[in-house]
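The next block holds one structure in the form of structure tokens; read it before the comments.
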Amino acid sequence: MEEVRDILNETIMLTGFVMVMMLVIEFLNVRSRGKWNEWISRKGIVRYLISGMVCAVPGCLGPYLVVSLYAHNIISFGALLTGFITSVGDESYVMLSLFPSQAAGLIALLFITGLVSGYLLDRIYQFPPLPLQGQHFEHNHPCPEINISFRVIRENLAGISFPRFILIAGHLIFLTGIVTGYFSEGGAHHHASVEQPGETIWITITFAMTVAVALFIVMIVPDHFLEKHLWDHIIKKHFLRIFLWTVGILSFVAFAMHTIDLKTMILQYRIPVMLASILIGYLPVSGPHLIFVSLYAQGMLPFSILLTNSLVQDGHGSIPLIAESKRAFIFLKLVKTGIALLIGGAGMMWNF
Numbered sequence: 001m002e003e004v005r006d007i008l009n010e011t012i013m014l015t016g017f018v019m020v021m022m023l024v025i026e027f028l029n030v031r032s033r034g035k036w037n038e039w040i041s042r043k044g045i046v047r048y049l050i051s052g053m054v055c056a057v058p059g060c061l062g063p064y065l066v067v068s069l070y071a072h073n074i075i076s077f078g079a080l081l082t083g084f085i086t087s088v089g090d091e092s093y094v095m096l097s098l099f100p101s102q103a104a105g106l107i108a109l110l111f112i113t114g115l116v117s118g119y120l121l122d123r124i125y126q127f128p129p130l131p132l133q134g135q136h137f138e139h140n141h142p143c144p145e146i147n148i149s150f151r152v153i154r155e156n157l158a159g160i161s162f163p164r165f166i167l168i169a170g171h172l173i174f175l176t177g178i179v180t181g182y183f184s185e186g187g188a189h190h191h192a193s194v195e196q197p198g199e200t201i202w203i204t205i206t207f208a209m210t211v212a213v214a215l216f217i218v219m220i221v222p223d224h225f226l227e228k229h230l231w232d233h234i235i236k237k238h239f240l241r242i243f244l245w246t247v248g249i250l251s252f253v254a255f256a257m258h259t260i261d262l263k264t265m266i267l268q269y270r271i272p273v274m275l276a277s278i279l280i281g282y283l284p285v286s287g288p289h290l291i292f293v294s295l296y297a298q299g300m301l302p303f304s305i306l307l308t309n310s311l312v313q314d315g316h317g318s319i320p321l322i323a324e325s326k327r328a329f330i331f332l333k334l335v336k337t338g339i340a341l342l343i344g345g346a347g348m349m350w351n352f
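Anchor point for the sequence shown: position 350 equals 350 in the working numbering, and the numbering is continuous, going up by one each time.
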């Protein structure tokens with residue numbers, strides 16, 4: 001039962017944060033009448049740099065943001081690839097603490113690889129947009145004026161609608177769970193070996209501040225915006241799908257980790273270690289990849305295999321992408337696998 005609780009708590013954390021990020025991005029997009037996403041999507045190398053830089057930050061927050069930008073058709077698939085190649089999820093915390101200089105070099109190498117790969121992919125092949133992007137994210141109707149004041153908040157609360165009540169209640173419950181540590185307690189067993197206390201506090205503060213901003217948005221926007229953009233678009237079309245995929249994936253990974261001794265398998269069969277690092281990299285969760293981090297830290301694994309795994313894996317960041325488009329997820333992983341085989345294979349040939 002404790003493991004079921006852990007999975008549910010982590011599912012709530014992941015799904016909640018993805019929803020919050022999508023809500024904030026939707027608000028910024030409509031508020032600016034699409035000007036900011038036009039700037040990001042048309043400024044050439046800028047979109048690749050932004051995607052790579054936010055995903056170079058330790059943790060899975062960057063990939064969540066990049067997936068939201070891609071789902072809003074703000075960045076291209078190549079820019080999405082840039083971010084997901086750069087990101088190594090929660091494992092970056094451990095690497096920076098165990099071997100900081102090598103970890104910094106690895107992240108820099110991933111960033112450069114992501115920039116080049118993403119740029120070239122967009123030039124070679126235009127991945128089709130998500131099927132529902134056009135009707136979901138075009139805002140051709142007039143954008144209502146949004147006045148930011150406590151008077152507006154009082155008026156919205158005085159005649160509160162059902163969608164606003166549900167969104168406010170949900171944000172308050174989510175924020176309370178984050179601040180009190182209730183939701184993070186479930187994931188503590190999963191992340192205990194990944195995050196140091198300082199990183200845990202930083203993640204909690206980041207989550208709480210983001211949810212607080214989203215709560216403020218829910219309280220100030222007019223009913224039309226809230227119902228058409230936040231309720232009908234974000235909640236009805238995305239929430240249940242992302243929640244179900246998240247709980248399903250986390251449950252499967254938990255079952256696999258109990259039935260397969262991955263570390264022993266890798267140590268006994270060193271020849272297929274690189275292929276194993278790629279296959280394990282497909283798991284959309286943080287934790288299993290720490291095997292390669294710990295083996296490298298102990299001098300038992302070459303840098304090329306750690307690099308191979310880092311190129312393929314992206315922690316929890318791919319879960320919302322799976323929920324949005326399984327085709328995009330598969331294609332992304334296949335491209336990353338090809339890059340990992342090319343670079344990792346060259347590394348093994350050159351013995352680094």
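Note that beta-carbon positions come from the ideal geometry of N, C-alpha and C, so glycine has one too.
Is Ser325 helix, strand or coil by DSSP?
The sequence position of residue 325 within the sequence shown is 325, counting from 1. Secondary structure of Ser325 (DSSP, three-state): coil.
What separation, rounded to the nearest whole angstrom, lies between the Cα atoms of Val57 and Met19?
Counting from 1 along the sequence shown, the entry for residue 57 is found at position 57. Counting from 1 along the sequence shown, the entry for residue 19 is found at position 19. Each residue's alpha carbon lies about 20 Å from the other.
Can you tell me where the alpha helix (DSSP H) holding Asn309 begins and where it ends?
Sequence index remark: in the sequence shown, residue 309 carries index 309 (1-based). Start and end: Phe303 to Val312.
Residue range of the alpha helix (DSSP H) that includes Cys55
The residue given as residue 55 occupies position 55 in the sequence shown. Run containing Cys55: Ile45 to Ala56, per the alpha helix (DSSP H) assignment.
Buried versus exposed call for Phe255 [16 or more other C-beta atoms within 10 Å across all chains shown]
The count along the sequence shown starts at 1 and reaches residue 255 at position 255. That one is exposed.
For Met274 and Ala346, the rounded distance between their alpha carbons
Working through the sequence shown from its first residue, we reach residue 346 at position 346. Working through the sequence shown from its first residue, we reach residue 274 at position 274. Answer to the nearest angstrom: the Cα atoms are 12 Å apart.
Whether or not the region 113 to 128 and the region 75 to 89 are in contact is what I'm after, with contact meaning three or more pairs of Cβ atoms, one per stretch, closer than 8 Å; do they touch?
Yes, the region 75 to 89 touches the region 113 to 128.
How is the alpha helix (DSSP H) around Ser161 delimited, first residue to last?
Translated into the one-based positions of the sequence shown, residue 161 becomes position 161. DSSP places Ser161 outside any alpha helix (DSSP H), giving it a letter other than H or E.
If you run the structure through DSSP and keep just helix, strand and coil, what is Pro284?
As a working mapping, residue 284 is identified with position 284 in the sequence shown. In this structure, Pro284 counts as coil in the three-state DSSP scheme.
Ser92, buried or exposed, once every other Cβ within 10 Å from all chains shown has been counted against 16:
The residue you call residue 92 lines up with position 92 of the sequence shown. Buried is the call here.
Confirm, please, whether the CB-CB distance from Met219 to Ile153 is below 7 Å.
Walking along the sequence shown from the start, residue 153 turns up at place 153. Walking along the sequence shown from the start, residue 219 turns up at place 219. One thing to note: Ile153 has its Cβ within 7 Å of the Cβ of Met219.
Does the count of Cβ pairs from the region 304 to 320 and the region 45 to 64 closer than 8 Å reach three?
Segments in contact, yes.
Would you kindly report the start and end of the unbroken alpha helix (DSSP H) that includes Phe111?
As a working mapping, residue 111 is identified with position 111 in the sequence shown. DSSP places Phe111 inside the alpha helix (DSSP H), whose first and last residues are Pro100 to Ile124.
Using the beta-carbon count (16 or more within 10 Å), is Ile166 buried or exposed?
As a first step, residue 166 must be located in the sequence shown, where it is residue number 166. So Ile166 ends up on the exposed side.
Three or more C-beta pairs under 8 Å: does that hold for the region 43 to 52 against the region 7 to 24?
Result no; under three Cβ-Cβ pairs closer than 8 Å.
Less than 7 Å separating the beta-carbons of Gly177 and Gly315?
Position 177 of the sequence shown, counting from 1, holds the residue named residue 177. Position 315 of the sequence shown, counting from 1, holds the residue named residue 315. In this structure, Gly315 does not lie closer than 7 Å to Gly177 by Cβ.
What three-state label does DSSP hand Val20 in the structure shown?
For this step, residue 20 is matched to residue 20 along the sequence shown. Residue state, collapsed to three classes: helix.
For Arg270, three-class secondary structure by DSSP
For the purposes of this step, residue 270 is identified with residue 270 of the sequence shown, where counting begins at 1. For Arg270, the three-state secondary structure derived from DSSP is coil.
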